[in-house]
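Working notes, structure below.
Protein chains: 2
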Amino acid sequence: MTLYDCIVVGAGYAGLAAAKTLHEAGREVLVLEARDRVGGRVWTKHFPDGTYEDYGGSYLGVQQPQMHALAKEFDVHTFNVPTKGKSVLYYRKRAHRYSGFIPPVAPWSVLDLGVAIKKFEAMAATADLEEPWKTPNAQELDNMTVEEWMRRHVWTRSARDMMRLAVECIWGAPASRISLLHGLWYSKAGVSLTVLGTSEHGAQQQLINGGGQAIANGIHERLGEMVHLGEPVTRVDQTSGPEVIVHTKTAVYTARRVIFAIPPPLVLQVQFEPALPSPKVQLLQHMPMGATWKVFASYPEPFWRAEGLRGEVASPDGMLGIIFDFSPEDGSRGVLMGFVVSSRAHRFADMDEHARKKVALQELVACYGPRAAKPTKMSVHSMCNEPWSTGCPVAGMGPGVWTGFGRWMRKPVGRVHWAGTEVATAWSGYMEGAVRSGQRAAGEVLEILNRGR
Amino acid sequence: MTLYDCIVVGAGYAGLAAAKTLHEAGREVLVLEARDRVGGRVWTKHFPDGTYEDYGGSYLGVQQPQMHALAKEFDVHTFNVPTKGKSVLYYRKRAHRYSGFIPPVAPWSVLDLGVAIKKFEAMAATADLEEPWKTPNAQELDNMTVEEWMRRHVWTRSARDMMRLAVECIWGAPASRISLLHGLWYSKAGVSLTVLGTSEHGAQQQLINGGGQAIANGIHERLGEMVHLGEPVTRVDQTSGPEVIVHTKTAVYTARRVIFAIPPPLVLQVQFEPALPSPKVQLLQHMPMGATWKVFASYPEPFWRAEGLRGEVASPDGMLGIIFDFSPEDGSRGVLMGFVVSSRAHRFADMDEHARKKVALQELVACYGPRAAKPTKMSVHSMCNEPWSTGCPVAGMGPGVWTGFGRWMRKPVGRVHWAGTEVATAWSGYMEGAVRSGQRAAGEVLEILNRGR
């Protein structure tokens, strides 16, 4: 039986990055992936007509050097999303077109929102990225939700609604479920709240030609047979001798070290022997996945561009909270991609397919006019329904979690190390964070292996 | 192969009550329990010298007719905890003895606390026990944590500390992690916050002779071979035909219906085919278990009684948040049982056994004098460390959970029904709630079976 230097559980961006790093260091690696594909929460569905849709993560943003380096290494082209033209604010059943960053609400709401974001970002600057529980006033910040902070510091209804929307799109969860400390930490980890919330110069600046999964596919191709698809790990045994025994449905493997790179709640499905320490289990129980649905509407052309629109909508009270232009770079088709997030996602889940498409189309028409009413194709998808994701984009941390159990986030348990975008200390929740977390975990393992342990 | 009318997963009080109800209705029942004992989160550890300690639930309270009826049916004796003598408030490193309900803090704090509890209970009275999301202003109440409500409505430091302590003891979680809607609902389900927090005329009024597990053992004896111990359920298959196929590590069973009666996060460890609906999965991900440790100190006699003490301590800022007299009814020994809850439990988990005992003894001595320093026996335990509990006493619901996914709490999924104390609509979190939830789930199943479906 092969003794692997490291078994990586999960072939999302985190797992693939870990495996790549270990492989390049000359180590014997095995990647065990439950699904029949790589990419994890980044899943590009290809259709027979050559088109594709990103059911999971799509975007690259500014200050994401690792992802851009990988794109270059695997010769994957990226392109800027359209930023010319007006955006739409769909609010209180009315669509308002506007240019630039300032939404068309009352000036006092604009001011209110601006001041609030500035305050939030000033606080975020104090967050300790490596050890969030060591942030000044961590306990106080972690006892409060982002919603509570907003109720205290944001005064106008529109500004609150706008900020809530940003939070819900970022985490797929309501502001009332996100610890303020977590919100600050996460924003700083992704540069700033403004960067996380914007396309131009922001986290949604670029699309990947061929879809979000294209770079993962490149890594997969390079690793080849090192990656086993369709093999969910069921049991990890550290009780017998210096090796870890990893069981899947169909096989048993041994390794010196193991890296877990799967969504936090799914770790709880694996049987560990000995059992994981109770604070680690409780941490994982306190990391529920966010809820996001995506709606794709395809048209013969990106008709909104001719009308001076960039294809971007923000809707604090609509079903589609955010809409982006997801058309291919050459504009050979028009594609609008809408996000249904947080409590709206729960309502959406309760509707049938027909009702979902109907409400989405109504809002597309309200924002883009009658031409939006007749898409050539429409599809609706949620990673919540994928048993190996159970939610998207990321696990959110409620009050008291970082200060209560945060120390267990990255702490190895025996010979098991932890990766995954939630574990990242920069760009947590993004592909960039996933890759960095994988590289860091691989670094931990290499350091130990190189010392001959 | 036997076709069971119903397979019950879990032999805690909920599962046992469900099985008993079905069995008494003449139905063929099988109970599959992962552990080598019944009782679930109620676990009485017996020692060779004839003594015992309750590592899990212990108490029966007022207005708990089902548990008292079971005690009678299985001839298990219950007795009132000592309520004569003074209580101790251990606060800011000083022990204050006092009589009655009013803690020895400044009169304005007493007033503040009294008014706050009255306000809280008035709001709780409006909670919809069956469908908490239909409570008036449910959305607003569910967007807020109990901590936030306290910051707004409780003005003095001592009153806040006292109320936080109550919350932490009730849920094993900080007030910042409990939705106000959940707090109100849960309190009403257990009569009132006052009842939940007190011994005399409260939820901690009675102890069970032989320990909390004694009644469960009686039911187990009655059900006999219907209960399989040491058989964790791994897979539930509803894809093939009208029967449910239930897999354990060692066997496969079929049944017309299945009742799950295990802690919510553990449901996520079971493989369901087809997968559970995503809102049900997300609900379960949002139900993390509380954290509680118990410390038992035994003495030749309950020496504190002679000093006019009832053996009850409340400590808003000590490690042992609450201490109760756990001596046997005849007073042949003295036993103090201390609770370490919530964030204190996380700190406790990080300490070694020696340090845990040391800090506990220091506080016992501070409260009861030098005689407390020399227990004949001392033990420390947490259900957090039990892989089939992962926490205690109960799963707590954060903001947005009831209004977001509450509809999925009891809704059957195909032929699978849901029991467990979290699912109860009265006395959720208590043995009484567990039993009622089991009886209700059995009723659902019986109604369907009786209609021949």
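Sequences listed follow chains A and B, in order. Note that numbering that gives the first Met the number 0 has the first sequence beginning at 0, numbered continuously upward. Note that numbering that gives the first Met the number 0 has the second sequence beginning at 0, numbered continuously upward. For glycine and all other residues, C-beta sits at the position ideal for the given N, C-alpha and C.
Nearest neighbour of residue i, chosen from the options [CA to CA]
| i | options | result |
| --- | --- | --- |
| A:R150 | B:G310, B:A394, B:V226, B:M143 | B:M143 |
| A:R450 | A:V434, A:Q281, A:D329, A:R255 | A:R255 |
| B:A418 | B:Y3, B:G217, B:A10, B:T1 | B:A10 |
| A:P392 | A:V364, A:M377, A:V339 | A:V339 |
| B:K117 | B:S178, B:F100, B:S191 | B:S191 |
| A:Y90 | A:M396, A:E120, A:A158 | A:A158 |
| A:Q284 | A:V153, A:A17, A:F404 | A:F404 |
| B:V145 | B:N136, B:A172, B:L179, B:A70 | B:L179 |
| A:R40 | A:P106, A:E72, A:A17, A:A215 | A:A215 |
| B:R36 | B:P278, B:I218, B:V312, B:K410 | B:I218 |
| A:A188 | A:G49, A:E129, A:W148, A:A394 | A:E129 |
| A:S331 | A:G99, A:T50, A:A274, A:V245 | A:T50 |
| A:Y298 | A:G240, A:R304, A:P374, A:R234 | A:P374 |
| B:A344 | B:D324, B:K357, B:M318 | B:M318 |
| A:L265 | B:F73, B:A365, B:V280 | B:V280 |
| B:G223 | B:V30, B:T20, B:L2 | B:V30 |
| B:I447 | B:K248, B:S436, B:H416 | B:H416 |
| B:S342 | B:H353, B:G333, B:G320 | B:G320 |
| A:P386 | B:V269, B:A94, B:W42 | B:V269 |
| B:Q63 | B:H246, B:T125, B:G432, B:L206 | B:G432 |
| B:S108 | B:M161, B:W132, B:V75, B:A123 | B:M161 |
For residue i: DSSP bridge partner residues
| i | result |
| --- | --- |
| B:S234 | Residue identity differs from the one stated: residue 234 of chain B is Arg in this sequence, not Ser. Paired residues: B:H246, B:Q270. |
| B:T389 | Bridge partners of B:T389: none, in fact. |
| B:V251 | B:H246 |
| A:C383 | According to DSSP, A:C383 bridges with nothing at all. |
| A:T43 | A:D53 |
| A:F259 | A:V8, A:W417 |
| B:H181 | Note: B:H181 sits in no beta bridge, so no partner. |
| A:K85 | A:L308 |
| B:A423 | DSSP, once it has assigned bridges, lists no residue as partnering B:A423. |
| A:H95 | A:L88 |
| A:G442 | Bridge partners of A:G442: none, in fact. |
| B:Y58 | B:L206 |
| B:M288 | B:A394 |
| B:V226 | B:V30 |
Residue i (DSSP reduced to helix, strand or coil)
| i | result |
| --- | --- |
| A:G211 | coil |
| A:Q63 | coil |
| A:N79 | strand |
| A:E52 | strand |
| A:T375 | coil |
| A:F119 | helix |
| A:F347 | helix |
| A:Q205 | strand |
| B:V190 | coil |
| A:L164 | helix |
| B:L31 | strand |
| B:L2 | strand |
| B:A124 | coil |
| B:M143 | coil |
| B:V358 | helix |
| B:G38 | strand |
| A:H200 | coil |
Where residue i meets chain B, residues with beta-carbon distance less than 7 Å
| i | result |
| --- | --- |
| A:Y278 | Per the sequence presented here, residue 278 of chain A reads as Pro, with Tyr not at that position. The answer, in chain order, is H345, A348. |
| A:P386 | A274 |
| A:C383 | S277, Q281 |
Residues that residue i contacts on chain A, provided the C-beta gap is smaller than 8 Å
| i | result |
| --- | --- |
| B:F119 | Correct list: empty, because the minimum Cβ distance to chain A is about 18 Å. |
| B:S342 | G399, T402, G403 |
Partner residues on chain B for residue i, Cβ-Cβ distance less than 8 Å
| i | result |
| --- | --- |
| A:L267 | P264, L267, Q268 |
| A:M408 | Result: empty, since nearest Cβ-Cβ is about 13 Å, beyond 8 Å. |
Cβ of residue i within 9 Å of any chain E Cβ
| i | result |
| --- | --- |
| B:T420 | Absent from the structure: chain E. Protein chains present are A and B. |
9 Å Cβ cut-off: residues of chain B touching residue i
| i | result |
| --- | --- |
| A:M288 | V280, Q281, Q284 |
| A:F338 | Within chain B, no residue comes near A:F338; the closest Cβ sits about 16 Å away, beyond 9 Å. |
| A:S297 | Chain B residues near A:S297: none, gap ~25 Å exceeds 9 Å. |
Contacts of residue i in chain A (Cβ-Cβ under 9 Å)
| i | result |
| --- | --- |
| B:G390 | S277, V280, Q281, Q284 |
| B:M143 | T144, E146, E147, R150, S175 |
Go through the segment 293-339 of chain A residue by residue and report every complete run of the beta strand (DSSP E) that reaches 3 residues or more, in order.
-> Fully enclosed beta strand (DSSP E) runs of 3 or longer: 308-313, 321-324.
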